[in-house]
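Numbering (this note's numbering), first residue to last: 15 to 291. The beta-carbon is built from N, C-alpha and C at its ideal position, and this holds for glycine as well.
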């Protein structure tokens, strides 16, 4: 059957709707960025000014000088990068094992891992907190990082993608005398980059935006991450909306940078994952 040709009017209508939806999605971020550069006298002006008449960096300077925002920023960088690296590595290894290895009760174990996706994370927080408390890991980077390393969704995602890699490549490498470590790092990892980029974005975004677990595990302000620090900022400076918006910009900006650098691999990974089951 021949596909119906899309008329120019339909194309214009579709693009028009997409542009409207884009504007609706972007306008709050533009207002947030604009407000972060405003002084106290410009915030409540009606109608609001999208471009500040006297833009200032004082809100950002006050965050890092008076609010010591550099420490939460550093904590978020350390926790998010460490969690992302370890989680992606563990998920890729586990996905490779479930996709290409044969061992007893493999499918049953994989179904058990999938079943954990349906368990809300809030249910396991108290047992994990008590365990980390006994291990003296409260207010430590390990306490913030360890619970997020093993991610069932990432394992499932990598398993589905690695199953699409031809078995012939692995068999040929084994015939040439390659050991499993060489095969994993020299064959599997390069071919799995698109899927790894996809879960990198998922994991980094989740870790960077994580609020509840750092709030529970970090009772000392020196271990606060950015979402917790922004929450405290909102409670202490309810009238200084510009400073709150500056803190929100600092939280969002790294996520945009990560996505811009990995979007090509992200789209490719999403497209091809699940082709082979």
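Where residue i falls: helix, strand or coil (DSSP)
i, result
"residue 288", "Note on residue 288: pLDDT 47, under 50, position unreliable in the model; no value is reported."
"residue 64", "coil"
"residue 15", "Any answer about residue 15 is weak, because its pLDDT of 47 lies below 50 and its placement is not dependable; what the coordinates show is given next. The answer is coil: DSSP assigns residue 15 none of H, G, I, E or B."
"residue 238", "coil"
"residue 54", "coil"
"residue 263", "helix"
"residue 178", "coil"
"residue 150", "coil"
"residue 89", "helix"
"residue 190", "coil"
"residue 80", "coil"
"residue 21", "coil"
"residue 102", "helix"
"residue 233", "coil"
"residue 161", "helix"
"residue 132", "coil"
"residue 59", "coil"
"residue 116", "coil"
"residue 70", "coil"
"residue 225", "coil"
"residue 27", "helix"
"residue 211", "helix"
"residue 256", "helix"
"residue 108", "helix"
"residue 206", "coil"
Option nearest residue i by Cα separation, candidates the options
i, options, result
"residue 143", "22, 39, 232, 243", "232"
"residue 166", "58, 132, 99", "132"
"residue 100", "164, 151, 31", "164"
"residue 203", "109, 61, 48", "109"
"residue 136", "265, 229, 239, 33", "229"
"residue 84", "264, 270, 271", "264"
"residue 123", "169, 234, 240, 33", "169"
"residue 244", "95, 42, 82", "82"
"residue 219", "246, 181, 266", "266"
"residue 92", "104, 69, 158", "158"
"residue 49", "270, 272, 261, 117", "261"
"residue 12", "68, 134, 26, 63", "Within the shown structure, residues of the chain are numbered from 15 to 291, placing residue 12 beyond reach of any answer."
"residue 272", "205, 94, 201", "94"
"residue 151", "40, 22, 234, 69", "234"
"residue 239", "52, 141, 86", "86"
"residue 205", "181, 29, 68, 47", "181"
"residue 224", "209, 98, 23, 183", "98"
"residue 207", "237, 183, 172", "172"
"residue 138", "154, 162, 125", "162"
"residue 209", "29, 23, 89, 102", "102"
"residue 155", "77, 201, 236", "236"
"residue 14", "80, 106, 89, 196", "Residue numbering for the chain in the displayed model covers 15 to 291; residue 14 lies beyond these limits and cannot be assessed."
"residue 69", "47, 38, 77, 201", "47"
"residue 199", "36, 125, 106", "106"
Supposed contact pair residue j and residue i - C-beta distance, whole angstroms, cut 8 Å
i, j, result
"residue 222", "residue 268", "7 Å"
"residue 42", "residue 52", "The Cβ separation is near 15 Å, so there is no contact."
How about the segment 210–217 and the segment 262–281: do they share at least three Cβ pairs that are nearer than 8 Å?
The segment 210–217, when compared against the segment 262–281, does touch it at the 8 Å Cβ threshold.
Is there contact between the segment 73–87 and the segment 256–270, where contact requires at least three CB pairs shorter than 8 Å? Yes, they touch.
Below 8 Å, can you find three or more Cβ-Cβ pairs linking the segment 159–179 to the segment 108–115?
yes
Check your understanding: Can we say the segment 180–193 touches the segment 52–69, given the rule of at least three CB pairs closer than 8 Å?
Key -> no
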